Structures are given as C-alpha cells and as structure tokens.
Amino acid sequence: MSLLTPIDSTALPVPLAQASGGAMEDAAKPGKANPGKDSEYLSTLERGLKVLRAFDATHPEMQLSEVAQVTGLSPAVARRCLNTLVQLGYVAQFGRKFLLRPEVLSFGTAYLSSMNVEQVILPPLQKLRDDTGDSASMAVLSGTDILYVAHVSTNRRIRLGANVGTRFPVHATSLGKVLLAFQPEAVIAQYMAAVDLQRFTERTVTSHAALEQRLQGARETGYDSALDELDYGIVSVAVPVFDANRKAIASINCSTSTTRISQDELVRTRLPMLREASAEIGNALQRWPTLMHSLQHN
Numbered sequence: 001m002s003l004l005t006p007i008d009s010t011a012l013p014v015p016l017a018q019a020s021g022g023a024m025e026d027a028a029k030p031g032k033a034n035p036g037k038d039s040e041y042l043s044t045l046e047r048g049l050k051v052l053r054a055f056d057a058t059h060p061e062m063q064l065s066e067v068a069q070v071t072g073l074s075p076a077v078a079r080r081c082l083n084t085l086v087q088l089g090y091v092a093q094f095g096r097k098f099l100l101r102p103e104v105l106s107f108g109t110a111y112l113s114s115m116n117v118e119q120v121i122l123p124p125l126q127k128l129r130d131d132t133g134d135s136a137s138m139a140v141l142s143g144t145d146i147l148y149v150a151h152v153s154t155n156r157r158i159r160l161g162a163n164v165g166t167r168f169p170v171h172a173t174s175l176g177k178v179l180l181a182f183q184p185e186a187v188i189a190q191y192m193a194a195v196d197l198q199r200f201t202e203r204t205v206t207s208h209a210a211l212e213q214r215l216q217g218a219r220e221t222g223y224d225s226a227l228d229e230l231d232y233g234i235v236s237v238a239v240p241v242f243d244a245n246r247k248a249i250a251s252i253n254c255s256t257s258t259t260r261i262s263q264d265e266l267v268r269t270r271l272p273m274l275r276e277a278s279a280e281i282g283n284a285l286q287r288w289p290t291l292m293h294s295l296q297h298n
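In our numbering, the protein residues as written are 1 to 298.
Given below as structure tokens:
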C-alpha cells in the first residue's frame, strides 16, 4: 500500500513513540551547522544549502563576498557552491551579482504535491477563512522560526503578508508561541538558549521571563493570541495541532486587521472554530501518515 494513499485509521500501525526531546533544527537557517554530524553527514551538501538559504528578501542578490559573509563560508568554498548552483540552474549570475532562479520553486512544489498538502490541510483552513473572513495558516517549527506550510488569505490588505514558505520568529507570533509551548522541555530549553528576542513593535515579547509566562499561559488555556507583536495592526489567535500521541506537530491560526475586530472578540469567536479545525486536521493526518511524519519535529 502506498503511503500517499489515504488509509483506514483503524489499519494504522502503532503510532511512533512521542519524542522526549531533541536538538533544535539549527541547520534550517543559513550559517547554522547541524549539531548531530556523523560519518554519514555530507558537509558539502550543508554548504550548498547554506548558500541557497542565504538569499532572501533582505539579500535578493549578492556578490561573492556577501554570500561568504552571510553563510560564514570561506570565499573559496562559497565560490564553488555558487558555481555549482549556477550550472544546476538554481542560481543566476549577472556580472558580479548572484541571485536565485525560478528553478528553486520546484523544491516547494514537490513537497506540496508529494505530501498532498492541498487535499489534507487546505480544506479546514479554507472553511475558517470563509466562515470568518480572516486569513488562516498552518506552520511548523524550524529552528527559532516558524515556517508556513499552508496559508489561505482574504482579499483584505494587511501590512504583513504571509505565504507558504514564509518564516517568522517564534516569539513574535501566536503560531510560534502556542507550538513551542507544547514541545518537550529539552526543546524549549534549547530554543531559549539560542534565540535572539528581537523587538519588532512596542508589544513584542523581548524577555525570556515574559516569554516563559506566555508559554505557560498557552499550556494552561490551549491557545495563544498576539496583538501588534510582529507588526502593528494585526491580531491573531492560534492553537496547536496534535498527532496521535498528543504531540504538537504544527499550529493553525486566524489573523486579521485590528480595524475589524478586537483581540477579546477574536479569541471568543474564533477559538471554537480553530479547535474544531485542529481536530479535523489531526484526524486527517492519521490517514496520511507520510504527511504526518514529515511534519513531526525530530
């Protein structure tokens, strides 16, 4: 039976044991090495991925020296990585500048199609969007960030847009805080040791004590709500998505403009719908084990 075919949940094997902890995925961010290197670990591949991930909205195009600086690689190694990526069609060179080519989109498209994200995750999010008029998203942990794996938006314009593949800091988002709150203690401790609690607005959580308090509140209530924490004019509420072992593997939220609704009203009206959508996604993931395992934070 193909794992990409939905199966009867009663026929599922015994679920994987819940992880008691794990290293943060530092390799998910440019310049961060995987702490668990072994004889099977390819440093050359790591360097190439560092170079690809170095390009972003802040660095849409860079010279060789800039790539070396951003990635922490030597200029010689960065040059070899860039030349290889140019020959493979993932990077273009114009004069002394390097930039990504559309070919890199194939990675994200391959994940979405092979994991059946649109079939499994999008319908509950679309219902949230249609019932509330809010944007709805699903994210997973990626280092000290969250990574959007699904997103449905409205026609309303908000200052801070999000799409599949968008990364935001955990501490400045409801998606991030509620997901981190339900991680094993070892994961939370490693996050706290690694994170730079950057301030984005006057309401951003910037102290470890305040963040610990928010995480405790999320564990007690089962949700987190953010108002003007990542950018002004945005309010959101998020809940975790659990696997069969009650391990939080993702989070979903509703977000909208503060001109539409107050934070208290958003929590009161959206929370029941979010919890229903979370349960629906969690149940669906048991019938799509490949997608579920891909979302699990090791």
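Using N, Cα and C, we set each Cβ at its ideal position, and we do this for glycine too.
Here the structure is a predicted model, which is why all the values come from computation and not from measurement.
- By the neighbour-count criterion, in which 16 or more other beta carbons inside 10 Å mark a residue as buried, Glu118 falls on the exposed side.
- In the displayed model, Gln93 falls within a strand according to three-state DSSP.
- When DSSP assignments are scanned along the region 134–199, the uninterrupted stretches of alpha helix (DSSP H) that are 4 or more residues long and fall wholly within it turn out to be 174–181 and 185–194.
- Under the DSSP assignment, Leu211 falls in the alpha helix (DSSP H) whose first and last residues are His208 to Thr221.
- For the pair Leu82 and Tyr232, the Cα-to-Cα distance works out to about 38 Å.
- Just so you know, the alpha carbons of Val77 and Met292 end up roughly 36 Å apart.
- The region 53–132 contains, as complete beta strand (DSSP E) runs of 3+ residues, the segments 91–94 and 97–100 (chain order).
- Note on Asn245: under 16 other CB atoms within 10 angstroms of its CB, so exposed under the neighbour-count rule.
- Under the Cβ criterion (8 Å, minimum of three pairs), the region 116–134 does not count as touching the region 88–99.
- In terms of Cα proximity to Tyr223, the closest of Ala110, Ala238, Gln216 and Arg287 is Ala238.
- A Cβ-Cβ distance of about 6 Å is found for the pair Leu295 and Val140, placing them in contact under the 8 Å criterion.
- Note that the C-beta distance between Thr256 and Val241 is not below 8 Å.
- Distance from the CA of Arg101 to the CA of Gln213, rounded to the nearest whole angstrom, comes to 43 Å.
- Contact annotation, Ser142 with Asn253: C-beta distance approximately 16 Å; criterion of less than 8 Å not satisfied.
- With fewer than 16 neighbouring CB atoms inside 10 Å of its own CB, Gly108 falls in the exposed class.
- Per DSSP, reduced to three states, the secondary structure at Thr204 is coil, with no helix or strand assignment.
- DSSP places Asp264 in the helix class (H, G or I) of the three-state scheme.
- In the DSSP assignment, Leu227 falls within the unbroken beta strand (DSSP E) covering Asp224 to Leu227.
- The three-state secondary structure of Thr269, taken from DSSP, is helix.
- Sequence-distant partners of Val51 (beyond 5 residues in either direction) whose C-beta falls short of 7 Å from its own C-beta, in its chain, are Val67, Thr71, Ala78, Cys81, Leu82 and Leu85.
- Residues Leu99 of the same chain have their beta carbon placed closer than 7 Å to that of Pro60, with the five preceding and five following residues left out of the count.
- With a cutoff of 8 Å on beta-carbon distance, Val170 and Asp196 are scored as not near each other.
- The continuous stretches of alpha helix (DSSP H) do not include Ser39, and DSSP gives it neither H nor E.
- Where Thr256 is concerned, the enclosing beta strand (DSSP E) starts and stops at Ala248 to Ser257.
- When DSSP states are grouped into helix, strand and coil, Ala238 belongs to the strand group.
- At the C-beta level, Phe200 and Ala218 stay beyond 8 Å of one another.
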